[in-house]
Amino acid sequence: MTKLLSLLAIFGTLLITNAFTNTNINTIVRSTCSTSNSSNRGSPSSLHMTILTANGKKIDVKEGTPLKAACAKLGVKPKYSCQKGDCGSCTITVGGSRIKACVGKVPPMPKLKSLQEKGLEVRD
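Mapping the sequence shown onto numbering that gives the first Met the number 0, position 36 (from 1) lands on 35, and the numbers just tick up by one.
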């Protein structure tokens, strides 16, 4: 009888140990996966950058950046009157679409590979 109880105790300990081991392994795998994903947040590949070009000059700008700041980096000087986007005097062409520079944001990178390599052209 004591032999049987000791075998059951050993077998029960093994079951409990395996249950905790599997739980620990799953926890470790989950934490490793979430850590690797969070460590990529600051990497350049995860930032959404748009290439803008003007007069042979290329710059990388984060999408959503104010277009006024991007134009200043490129050396493009649109005319500003109201600074609110009401008058339209600051309107420039970015990749074929007209955007008001004083209130507009840098558009996302286009999906076409040729435009991704060349960048979006900015014109007054």
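Using N, Cα and C, we set each Cβ at its ideal position, and we do this for glycine too.
- Task: Assign A71 to one of three DSSP states: helix, strand, or coil.
- Result: helix
- Item | Residues near P77 in its chain [Cβ-Cβ closer than 7 angstroms; skip 5 each side] | C70, C89, I91, A100, D123
- By Cβ distance below 8 angstroms, which residues in the same chain neighbour E62 in space, the five residues on each side in sequence not counted? H47, M48, T49, K104, V105, P106, P107, M108
- Task: Could you pull the start and end residues of the beta strand (DSSP E) that L51 belongs to?
- Result: 48-53
- Query: Is any heavy atom of the ligand MN found at a distance shorter than 7 angstroms from the C-beta of T49?
  - Reply: The ligand MN is not part of this structure, which contains no ligands at all.
- Message: On the criterion of 16 or more Cβ atoms from any shown chain inside 10 Å, does G118 qualify as buried, or is it exposed?
- Response: buried
- Could you check which residue in E116, G84, L73, T64 has the C-alpha nearest to that of I58? L73
- Item | 6 angstroms Cβ shell around G84 - same chain, five flanking residues per side excluded | K99, C101, V102
- Query: What's the call for A68, buried or exposed, on a 16-neighbour Cβ count within 10 Å?
  - Reply: exposed
- Task: Decide if L111 is buried, meaning its Cβ has at least 16 other Cβ atoms within 10 Å, or exposed.
- Result: exposed
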